[in-house]
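Sequences listed follow chains A and B, in order. Throughout, my numbering is defined as the position within the first sequence, counted from one, plus 1. Throughout, my numbering is defined as the position within the second sequence, counted from one, plus 1. Working notes for the structure below.
Protein chains: 2
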Amino acid sequence: MIKTAALDINDDNTNNSSSSNEMVVTPWEVKGKVDYDRLIKEFGTQPLTSQLLKRIETHTDNKLHLQLERKIFFSHRDLDTTLELYEKGTKFVLYTGRGPSGPVHIGHLVPWIFTLHLQQTFKTRLYFQITDDEKYLVNDERDLKETTKWSYENALDLIALGFKPEDTFIIYNTKDIDLLYDITLEVAKRITYSTARSSFGFQDSTNIGWVYWAAIQAAPCFIHKKLTGENVPALIPAAIDQDPYWRVTRDVAQKLGYHKPAQIHCRFLPGLGTGGKMSASMPETSIFTTDQPNDVKKKIWGAYTGGKPTAAEQRKTGANPQICSIYQYYHYIFEEDPTKLKEREHKCTTGEILCGECKKDITEKLNKFLEAHQERREKAKNIIEQYHIKR
Amino acid sequence: MIKTAALDINDDNTNNSSSSNEMVVTPWEVKGKVDYDRLIKEFGTQPLTSQLLKRIETHTDNKLHLQLERKIFFSHRDLDTTLELYEKGTKFVLYTGRGPSGPVHIGHLVPWIFTLHLQQTFKTRLYFQITDDEKYLVNDERDLKETTKWSYENALDLIALGFKPEDTFIIYNTKDIDLLYDITLEVAKRITYSTARSSFGFQDSTNIGWVYWAAIQAAPCFIHKKLTGENVPALIPAAIDQDPYWRVTRDVAQKLGYHKPAQIHCRFLPGLGTGGKMSASMPETSIFTTDQPNDVKKKIWGAYTGGKPTAAEQRKTGANPQICSIYQYYHYIFEEDPTKLKEREHKCTTGEILCGECKKDITEKLNKFLEAHQERREKAKNIIEQYHIKR
Numbered sequence: 002m003i004k005t006a007a008l009d010i011n012d013d014n015t016n017n018s019s020s021s022n023e024m025v026v027t028p029w030e031v032k033g034k035v036d037y038d039r040l041i042k043e044f045g046t047q048p049l050t051s052q053l054l055k056r057i058e059t060h061t062d063n064k065l066h067l068q069l070e071r072k073i074f075f076s077h078r079d080l081d082t083t084l085e086l087y088e089k090g091t092k093f094v095l096y097t098g099r100g101p102s103g104p105v106h107i108g109h110l111v112p113w114i115f116t117l118h119l120q121q122t123f124k125t126r127l128y129f130q131i132t133d134d135e136k137y138l139v140n141d142e143r144d145l146k147e148t149t150k151w152s153y154e155n156a157l158d159l160i161a162l163g164f165k166p167e168d169t170f171i172i173y174n175t176k177d178i179d180l181l182y183d184i185t186l187e188v189a190k191r192i193t194y195s196t197a198r199s200s201f202g203f204q205d206s207t208n209i210g211w212v213y214w215a216a217i218q219a220a221p222c223f224i225h226k227k228l229t230g231e232n233v234p235a236l237i238p239a240a241i242d243q244d245p246y247w248r249v250t251r252d253v254a255q256k257l258g259y260h261k262p263a264q265i266h267c268r269f270l271p272g273l274g275t276g277g278k279m280s281a282s283m284p285e286t287s288i289f290t291t292d293q294p295n296d297v298k299k300k301i302w303g304a305y306t307g308g309k310p311t312a313a314e315q316r317k318t319g320a321n322p323q324i325c326s327i328y329q330y331y332h333y334i335f336e337e338d339p340t341k342l343k344e345r346e347h348k349c350t351t352g353e354i355l356c357g358e359c360k361k362d363i364t365e366k367l368n369k370f371l372e373a374h375q376e377r378r379e380k381a382k383n384i385i386e387q388y389h390i391k392r
Numbered sequence: 002m003i004k005t006a007a008l009d010i011n012d013d014n015t016n017n018s019s020s021s022n023e024m025v026v027t028p029w030e031v032k033g034k035v036d037y038d039r040l041i042k043e044f045g046t047q048p049l050t051s052q053l054l055k056r057i058e059t060h061t062d063n064k065l066h067l068q069l070e071r072k073i074f075f076s077h078r079d080l081d082t083t084l085e086l087y088e089k090g091t092k093f094v095l096y097t098g099r100g101p102s103g104p105v106h107i108g109h110l111v112p113w114i115f116t117l118h119l120q121q122t123f124k125t126r127l128y129f130q131i132t133d134d135e136k137y138l139v140n141d142e143r144d145l146k147e148t149t150k151w152s153y154e155n156a157l158d159l160i161a162l163g164f165k166p167e168d169t170f171i172i173y174n175t176k177d178i179d180l181l182y183d184i185t186l187e188v189a190k191r192i193t194y195s196t197a198r199s200s201f202g203f204q205d206s207t208n209i210g211w212v213y214w215a216a217i218q219a220a221p222c223f224i225h226k227k228l229t230g231e232n233v234p235a236l237i238p239a240a241i242d243q244d245p246y247w248r249v250t251r252d253v254a255q256k257l258g259y260h261k262p263a264q265i266h267c268r269f270l271p272g273l274g275t276g277g278k279m280s281a282s283m284p285e286t287s288i289f290t291t292d293q294p295n296d297v298k299k300k301i302w303g304a305y306t307g308g309k310p311t312a313a314e315q316r317k318t319g320a321n322p323q324i325c326s327i328y329q330y331y332h333y334i335f336e337e338d339p340t341k342l343k344e345r346e347h348k349c350t351t352g353e354i355l356c357g358e359c360k361k362d363i364t365e366k367l368n369k370f371l372e373a374h375q376e377r378r379e380k381a382k383n384i385i386e387q388y389h390i391k392r
């Protein structure tokens, strides 16, 4: 696992990497308590200001999407200039993706739901890259058959969210390399090994596939021109851990005659354990889209909350929703009504409701959501080929 | 231009890289006086022994091909074990290729002619890789359109030599990356950056496309299994400058369940200038396959020979065919009869013939060869698609 000096952000006062709560945010690993303000500073991105949010509102019926309102998307690069171009008549395309290392969980859906909102609002095309090659390259144990299997499974989840085939183009890297390769060459020719090393923390022992791979993730930023002849910017809604890729891509874009890709960065939905991102490698801390009602019930029941040791104490002093993984589920996705969210928070902090009630409610909401998602996911099997780019 | 410590072989007694006759043999540059015995030692290959040549003879009607007889192919790796497998019933495939940086010259045809001989003798399939991606990546000035154009032009020359479409498969890298990519990933995952650096002399300023590229040249060694299900070794007839690629490929082959590729290495046909390989960047030192009779005449007339300052002196003391670029043309390709070659050599060293006569003869032979080649090259345009691997 690579940790880069630029990305493996230790506390200023210590280099003790054994601290379990140390923040590590790289494209391949996120752990510890994530300090998002610090990421903005260290990565050199821009915060989503209230001024910029107001500008977005003018395009969204004067109502901000929940994920903007609640600052789940919190940072950006060139979103302002992308909007400016849009307002003057230059459209943009959306680009995001998925590393198919296992099943999709609720945390993965968060930025995809927001991407769908952007697509519907701005009536624009989405390129969605499924990076089976990367997942194969960065893990000694994985084989390509496995990541290719997950590519298919994960694409079903994307489609189940409601993306339409007419403006959603799924790129499966190993299957669609013929569409990407010439662009990857253009990009790769302009990234030196030393730039790649300092951006991603590569070491002598890093395999050369991994070294090249930045060019593969860059390619969909520029593919629209190849497919349509239109040279428009790409806007990338994604978690902030992918930022190093966009930095190197932005550095080469204009040399190649393209717009710099813009980004809008989101936070990670915390896992059901004690903090951190959801992790497919700890299945008990994530709700997967294919989980059955009993799985959900069991996982939610075992989830970490901000509750007190005894019910009596909690009724007396209240609990802490800010550290509660269940509360985050409401906050990120499952309580759209801000008044009701506020109410739940209030009841929690005053001891009016106990964790059991919140867990029962979210289990119901989750299972209702998953039942509908799984039904659409099944139907997606019949139409998945429509999302594949035609030759 | 990369020069690696392993490949940029200075004279033992000096590191003076400004010496114009210093030997440099890398996949991207060959210059200076090439010491082939030393390459065998430094690259760690095996000489083609008389014992091995005898063994080859048993497959070729007890007659060695000119290029073996004259030790133009002089070194190998695992040719013996490949023959052993063949004799026991395991076939092999041939693999060679071309970097399409410009027009093909006679020097390029030398190993291709030998490859055709091997193909006809052993009745086996040839994979021929045209590396437009590499030629683009390693030169700042080149664009992909240019290298793709040369891919087509160079393929015509291959076909013109008489390769048949039923057992000759041309791989155009940028067009056929869909066939190669999964294999390149398998290979790349098992080559560390430090191995690539030490094998090819990469530096911090090397672009990441170049770093990856070894995996692309490796892939055709293993493609036969993917296309046919047969796991057989590849035998690569090629100039020895490509050897670093095969070293890294051989190191990963067995880990991936393939045979190690075998090689048979040839010398470079010297250019018409004072020594060194023919170079497309010095057009006056090479005879290109598309040259017209007058071009040939002019170039041959200006060629470097082993002649003396005056005709009188040469008649008296003879000339030196060993340093004569014209004599090399007879030796490599244009005098198949060893007795006649010997005769010409004798007449030269004794002053019986002068350089003008040899130049006149070779011009005739070259123009006759080129006329027929150019005719077949034109016809190749109608059948070139038949050599493209079907999906």
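Think of the CB as a built atom: it goes at the ideal place given N, C-alpha and C, for glycine as much as any other residue.
For this session: Kindly list the residues whose CB is nearer than 6 Å to the CB of Gly277(B), restricted to its own chain and excluding five residues on each side of it in sequence; keep chain order.
Result: Stepping through the second sequence from its first residue, residue 277(B) is reached at position 276. Only weak support exists for where Gly277(B) lies, its pLDDT of 47 falling under 50; the value from the coordinates is given anyway. Take Gly277(B), set aside five residues on each side of it, and the residues of its chain with a beta-carbon closer than 6 Å to its own are Lys32, in chain order.
Exercise. Nearest to Ser152(B) by alpha carbon, out of Glu85(B), Leu162(B) and Ile171(B)?
Worked result: Position 151 of the second sequence holds residue 152(B). When C-alpha distances from Ser152(B) are compared across Glu85(B), Leu162(B) and Ile171(B), the shortest belongs to Ile171(B).
Exercise. Using a C-beta to C-beta distance shorter than 8 Å, which residues of chain B count as neighbours of Ser195(A)?
Worked result: Here the question's residue 195(A) lines up with position 194 in the first sequence. Think of a sphere of 8 Å around the beta carbon of Ser195(A): the chain B residues whose beta carbon falls inside it are Asp205 and Ser206, in chain order.
Problem set entry | Residues that DSSP places opposite Phe74(B) in a beta bridge | Walking along the second sequence from the start, residue 74(B) turns up at place 73. Per the DSSP secondary-structure output, Phe74(B) pairs in a beta bridge with Cys267(B).
For this session: Name the one or two DSSP bridge partners that Leu67(A) has.
Result: Indexing the first sequence from 1 puts residue 67(A) at position 66. Its beta-bridge partners do not exist; DSSP assigns none.
For this session: Tell me, please, whether the CB atom of Val253(A) is closer than 8 Å to any CB atom in chain B?
Result: Sequence index remark: in the first sequence, residue 253(A) carries index 252 (1-based). Cβ-Cβ to chain B under 8 Å: no for Val253(A).
Exercise. At a Cβ threshold of 8 Å, is Leu8(B) touching chain A?
Worked result: Within the second sequence, residue 8(B) is the residue found at index 7, counting from 1. Below a pLDDT of 50, predicted positions are generally treated as unreliable, and Leu8(B), at 37, falls in that range; no measurement from the model is reported.
For this session: Have a look at Leu371(A), Gly319(A), Leu228(A) and Leu162(A) and flag the residue whose alpha-carbon is nearest the alpha-carbon of Asn295(A).
Result: Along the first sequence, read from residue 1 onward, the residue named residue 295(A) stands at position 294. The shortest Cα separation from Asn295(A) among Leu371(A), Gly319(A), Leu228(A) and Leu162(A) belongs to Leu371(A).
For this session: Decide yes or no for the touch test of the stretch 303–311 of chain B against the stretch 368–385 of chain B: beta carbon pairs closer than 8 Å, at least 3 of them.
Result: The way I'd put it, the stretch 303–311 of chain B doesn't touch the stretch 368–385 of chain B; fewer than three beta-carbon pairs between them come closer than 8 Å.
Exercise. Using the beta-carbon count (16 or more within 10 Å), is Asp205(B) buried or exposed?
Worked result: Walking along the second sequence from the start, residue 205(B) turns up at place 204. Asp205(B) comes out exposed.
For this session: Just tell me which of Pro28(B), Lys124(B), His347(B) and Trp113(B) has its CA closest to the CA of Asp244(B).
Result: As a working mapping, residue 244(B) is identified with position 243 in the second sequence. When each option's Cα is compared against that of Asp244(B), the closest is Pro28(B).
Exercise. Using Cβ-Cβ distances below 9 Å, what residues of the stretch 207–230 of chain B are close to chain A?
Worked result: Going along the stretch 207–230 of chain B in chain order, one finds Thr207, Asn208, Ile209, Gly210, Trp211, Val212, Tyr213, Trp214, Ala215 and Ala216 with a Cβ nearer than 9 Å to chain A.
Exercise. Between the stretch 99–110 of chain A and the stretch 155–166 of chain A, do at least 3 Cβ pairs fall closer than 8 Å?
Worked result: Taking 8 Å as the limit for Cβ pairs, the verdict is that the stretch 155–166 of chain A does touch the stretch 99–110 of chain A.
For this session: Scan the stretch 160–181 of chain B for residues whose Cβ lies nearer than 7 Å to a Cβ of chain A and list them as they occur along the chain.
Result: Cβ contacts with chain A: Thr175, Ile178 and Asp179.
Exercise. Between the C-alpha atoms of Thr5(A) and Tyr246(A), what's the straight-line distance to the nearest angstrom?
Worked result: Here the question's residue 5(A) lines up with position 4 in the first sequence. Here the question's residue 246(A) lines up with position 245 in the first sequence. Caution applies to Thr5(A), whose pLDDT of 38 falls short of 50 and renders its modelled position unreliable; the model cannot decide the point.
For this session: Taking 8 Å as the cut-off, decide whether the C-beta atoms of Gln120(B) and Pro221(B) are in contact.
Result: For this step, residue 120(B) is matched to residue 119 along the second sequence. For this step, residue 221(B) is matched to residue 220 along the second sequence. Gln120(B) places its beta carbon 8 Å or farther from that of Pro221(B).
For this session: List the endpoints of the continuous alpha helix (DSSP H) containing Ala216(A).
Result: Looking up residue 216(A) in the first sequence gives position 215. Its alpha helix (DSSP H) spans residues Ile209 to Ala219.
Exercise. For the stretch 133–149 of chain B, which residues have a beta carbon sitting closer than 7 Å to at least one beta carbon of chain A?
Worked result: Per Cβ criterion, the list reads Asp134, Tyr137, Leu138 and Leu145.
Exercise. Going along chain C, which residues have a C-beta under 8 Å from Arg191(B)?
Worked result: The displayed structure is made up of protein chains A and B, and chain C is not among them.
For this session: Report the three-state DSSP secondary structure of Gln204(B) (helix, strand or coil).
Result: To locate residue 204(B), count along the second sequence from 1; it is residue 203. If DSSP states are grouped into helix, strand and coil, Gln204(B) belongs with coil.
Exercise. On the premise that Asn174(B) lies in contact with Asp134(B), defined as a C-beta separation below 8 Å, what is that separation, rounded to the nearest angstrom?
Worked result: Taking the first residue of the second sequence as 1, we reach residue 134(B) at position 133. Taking the first residue of the second sequence as 1, we reach residue 174(B) at position 173. That pair is a contact at about 5 Å.
Exercise. Taking Cβ to Cβ, would you say Ser326(B) is nearer than 8 Å to Thr351(B)?
Worked result: Locating residue 326(B) in the second sequence gives position 325, where the first residue counts as 1. Locating residue 351(B) in the second sequence gives position 350, where the first residue counts as 1. Contact: no.
Problem set entry | Closer than 7 Å at the beta carbon, the chain A residues around Asp183(B) | Within the second sequence, the letter at position 182 stands for residue 183(B). In chain order, Leu145 and Thr175 make up the part of chain A whose C-beta sits under 7 Å from the C-beta of Asp183(B).
For this session: Report the three-state DSSP secondary structure of Tyr312(B) (helix, strand or coil).
Result: Along the second sequence, read from residue 1 onward, the residue named residue 312(B) stands at position 311. At residue 312(B) the sequence reads Ala, which differs from the Tyr that was named. Assigned with DSSP and collapsed to three states, Ala312(B) falls in helix.
Exercise. How many angstroms separate the CA atom of Asn368(A) from the CA atom of Val297(A)?
Worked result: Along the first sequence, one-based indexing puts residue 368(A) at 367. Along the first sequence, one-based indexing puts residue 297(A) at 296. Approximately 7 Å, taken between the alpha carbons.
Exercise. Does any CB atom of chain A fall closer than 8 Å to the CB of Leu257(B)?
Worked result: For the purposes of this step, residue 257(B) is taken as the residue at position 256 of the second sequence. Taking Cβ atoms only, chain A never reaches closer than 8 Å to Leu257(B), which makes this a no.
Exercise. Beta carbon of Leu49(A), beta carbon of Val26(A): below 8 Å?
Worked result: Counted from its first residue, the first sequence places residue 49(A) at position 48. Counted from its first residue, the first sequence places residue 26(A) at position 25. No. Outside cutoff.
Exercise. Under a Cβ-count criterion, where at least 16 other Cβ atoms within 10 Å of its own Cβ denotes burial, should Gly319(A) be classed as buried or exposed?
Worked result: For the purposes of this step, residue 319(A) is taken as the residue at position 318 of the first sequence. When all chains shown are included, Gly319(A) counts as buried.
For this session: Output yes if chain A places a C-beta closer than 8 Å to the C-beta of Gly277(B); else output no.
Result: The residue given as residue 277(B) occupies position 276 in the second sequence. With a pLDDT of only 47 at Gly277(B), under the threshold of 50, the placement of this residue in the model should not be trusted, and no figure is reported.
Problem set entry | C-beta contact flag for Pro166(A) and Tyr331(A) at 8 Å | Sequence index remark: in the first sequence, residue 166(A) carries index 165 (1-based). Sequence index remark: in the first sequence, residue 331(A) carries index 330 (1-based). Taking 8 Å as the Cβ cut-off, Pro166(A) and Tyr331(A) do not qualify as a contacting pair.
For this session: Kindly say whether Leu1(B), judged by its beta-carbon, lies nearer than 8 Å to any beta-carbon of chain A.
Result: There is simply no residue 1(B) to check, as chain B begins at 2 and stops at 392 in what is shown.
Problem set entry | Residues sharing a beta bridge with Leu157(A), DSSP | What you label residue 157(A) is simply residue 156 of the first sequence in a count that begins at 1. DSSP output for Leu157(A) lists no bridge partner at all.
For this session: For Val111(A), I'd like the list of residues in its chain whose CB is within less than 8 Å of its CB, leaving aside the five on either flank, ordered along the chain.
Result: One-based indexing of the first sequence puts residue 111(A) at position 110. Taking Val111(A) as the centre and dropping the five residues before and after it, the same chain places the C-beta of Gln68, Ile73, Cys267, Leu270, Tyr333 and Ile334 closer than 8 Å to its C-beta, in chain order.
Problem set entry | Residues that DSSP places opposite His389(B) in a beta bridge | To locate residue 389(B), count along the second sequence from 1; it is residue 388. His389(B) pairs with Ile171(B).
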